[in-house]
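Convert by adding 31 to the 1-based position in the sequence shown; the result is the number in our numbering.
Where is the CB? At the ideal position from N, CA and C, for every residue including glycine.
As the structure is a computational prediction, the values presented were derived from the model and not from experiment.
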Amino acid sequence: MLATVIHAAHDIRVETRPDPVLRTPHDAVLRVLAACVCGSDLWPYRGVAPTKAPHPIGHELVGVVEELGAEVTSASVGDVVIVPFSLSCGRCQSCRAGFPSACDVVTFFGSTDRDGHPVDGAQGERVRIPLAQHSLFPVGRTEAEVEAAGLLPHLLTLSDVMSTGHHAAVSAGVGPGDTVVVVGDGAVGLCGVVAARRLGAERVVAMSRHADRAALARELGATDVLAERGEEGVDALRELLGGDLADAALECVGTEESMAQALGSVRGGGRVGFVGVPNGGPTLPVRQLFGRNLTVGGGMAPARAHMATLLDDVLSGAIRPGLVFDAEMPLAEAAEAYAAMDERRATKVLLRP
């Protein structure tokens, strides 16, 4: 099969690798219908996160079940399933509490499973899924139905970016009538716009300096767009809101600057939900939180738990998070997909095996 492998910074290759096989009774083997490049994949691509040895990459996919281990009863051969970016057991305390991303045996694509077997990356033609009993999420539609209805990109967002944007909004306590600021105009931030409006926010301000992303933010439900950053951004927000600040902010980047922007954008007693992967050195200023009574929550999204909440709205068309995909490429062109996102020629690229 073909699969994407990262060798070093700016060195993405699509290589021929062995077809996956069932290694434990808890495994599944999927044929991938669609995968994609994530903003967090750009950290190793840019060399911010080191690549110590070549390894498969990618952690978002929708696929069709081809084989199931004897202990997997949550899906059937032929089912279309979404797989979250973190794989989980479904039985430990964290999973039972609704936080499978903090599972006691959490397993990630491109790593090794609890039995020491290598785990494929999602950007391939086929993938072995460990911990399949809980990690597979059947969508209740056939492959033909999914394709005919144009659901594939929307379903694919539930594996990560839409679930993550939703987690930011939930963690920030977004509710009816709120004014919400979204810091970050990548796919997660754009999905955060969708999530905030879905939860009843009356006004959603997207922070964006890019005309194409700002236009998409408005299409997805943003009522306002601001390009300013830092103190200028806070001043612009106050002017926009008649001297007020937001009730809540969604931090969807993961840098020191984005966290400062989010914290500065909310009123006293406001809430910040953070989901940006912290590769840029963000820290929490405890005295500022104390003095302004700010609440900060969030972290790695429990995508598997959020899928059940969001699926019906995707299937009905009530939300259309797949609009964040502004490019589609064959898997063989994965290197170009990474370059396009790195150079901001694309917001998010869908890969078709």
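Terminal residues of the beta strand (DSSP E) in which residue i lies
i, result
"residue 304", "297-305"
"residue 328", "326-329"
"residue 67", "59-67"
"residue 73", "Looking at the DSSP string, residue 73 is not in any beta strand (DSSP E); the run it does join, the alpha helix (DSSP H), is 73-77."
"residue 238", "234-238"
"residue 243", "From DSSP, residue 243 is part of no beta strand (DSSP E) but of the alpha helix (DSSP H) over 242-250."
"residue 397", "What the structure shows of the chain is the stretch from 32 to 384, and residue 397 is not part of that stretch, so it cannot be assessed."
"residue 380", "380-383"
"residue 228", "Per DSSP, residue 228 belongs to no beta strand (DSSP E); it is in the alpha helix (DSSP H), 218-229."
"residue 213", "210-214"
"residue 257", "255-257"
"residue 159", "157-160"
Own chain partners of residue i with C-beta closer than 7 Å, once the 5 adjacent residues on each side are dropped
i, result
"residue 188", "222, 352, 353, 355"
"residue 383", "65, 359, 361, 362"
"residue 373", "73, 76, 77"
"residue 267", "257, 259"
"residue 200", "223, 226, 227, 230, 281, 304"
"residue 138", "118, 144, 145, 150, 161, 162"
"residue 368", "68, 360, 380, 382"
"residue 332", "132, 194, 195, 198, 306"
"residue 25", "What the structure shows of the chain is the stretch from 32 to 384, and residue 25 is not part of that stretch, so it cannot be assessed."
Supposed contact pair residue j and residue i - C-beta distance, whole angstroms, cut 8 Å
i, j, result
"residue 51", "residue 146", "In fact, because the Cβ distance is near 14 Å, the residues do not count as touching under 8 Å."
"residue 190", "residue 91", "4 Å"
"residue 158", "residue 61", "5 Å"
"residue 218", "residue 236", "With a Cβ gap of about 18 Å, residue 218 and residue 236 do not count as contacting."
"residue 161", "residue 110", "Their Cβ separation, rounded to whole angstroms, is 18 Å, which puts residue 161 and residue 110 out of contact at 8 Å."
"residue 102", "residue 164", "6 Å"
"residue 192", "residue 289", "No, residue 192 and residue 289 are not in contact; Cβ-Cβ is about 16 Å, not under 8 Å."
"residue 272", "residue 210", "7 Å"
"residue 336", "residue 129", "5 Å"
"residue 89", "residue 153", "4 Å"
"residue 328", "residue 202", "4 Å"
"residue 59", "residue 156", "That belief does not hold up - the Cβ atoms of residue 59 and residue 156 are roughly 15 Å apart, past 8 Å."
"residue 106", "residue 96", "5 Å"
"residue 167", "residue 93", "Not really, about 11 Å apart at Cβ, beyond 8 Å."
"residue 48", "residue 366", "Not a contact, Cβ separation roughly 16 Å."
"residue 255", "residue 234", "7 Å"
"residue 292", "residue 261", "7 Å"
Proximal residues to residue i (C-beta, below 8 Å), its chain only, five neighbours per side dropped
i, result
"residue 319", "294, 325"
"residue 172", "111, 180, 182, 346"
"residue 340", "197"
"residue 241", "216, 375"
Residue span of the alpha helix (DSSP H) that contains residue i, given as start and end
i, result
"residue 266", "261-271"
"residue 47", "Taken as a continuous stretch (DSSP letters only), residue 47 belongs to no alpha helix (DSSP H), being part of the beta strand (DSSP E) at 42-47."
"residue 195", "192-202"
"residue 177", "174-179"
"residue 33", "Careful: residue 33 lies outside any alpha helix (DSSP H), inside the beta strand (DSSP E) at 33-39."
"residue 375", "That residue, residue 375, is in no alpha helix (DSSP H); it is neither H nor E in DSSP."
"residue 187", "183-188"
"residue 54", "Element bounds for residue 54: n/a, residue is neither H nor E."
"residue 317", "317-323"
"residue 163", "163-166"
Residues near residue i in its chain [Cβ-Cβ closer than 6 Å; skip 5 each side]
i, result
"residue 8", "Past the boundaries of the shown model lies residue 8; the chain is included only from 32 to 384, so the question cannot be answered."
"residue 46", "36"
"residue 149", "143"
"residue 302", "203, 204, 279, 326"
"residue 344", "350"
"residue 207", "231"
"residue 136", "120, 145"
"residue 298", "276"
"residue 177", "111, 183"
Exposure label - residue i; buried when at least 16 CB within 10 Å
i, result
"residue 216", "buried"
"residue 306", "buried"
"residue 100", "buried"
"residue 315", "exposed"
"residue 378", "buried"
"residue 131", "buried"
"residue 127", "exposed"
"residue 195", "buried"
"residue 38", "exposed"
"residue 321", "exposed"
"residue 239", "buried"
"residue 317", "exposed"
"residue 184", "buried"
"residue 79", "exposed"
"residue 56", "exposed"
"residue 108", "exposed"
"residue 87", "buried"
The ligand SAM heavy atom lying under 6 Å from the CB of residue i
i, result
"residue 383", "This structure lacks the ligand SAM; in fact it carries no ligand of any kind."
Exercise. Which whole runs of the beta strand (DSSP E) in the stretch 86-128 are 3 residues long or more, in chain order?
Worked result: 92-99, 111-114
Exercise. Can you give, in chain order, each stretch of the alpha helix (DSSP H) that sits fully within the stretch 330-372 and has at least 4 residues?
Worked result: 334-347
For this session: Pick out the complete beta strand (DSSP E) segments inside the stretch 125-153, 3 residues or longer, and give them in chain order.
Result: none
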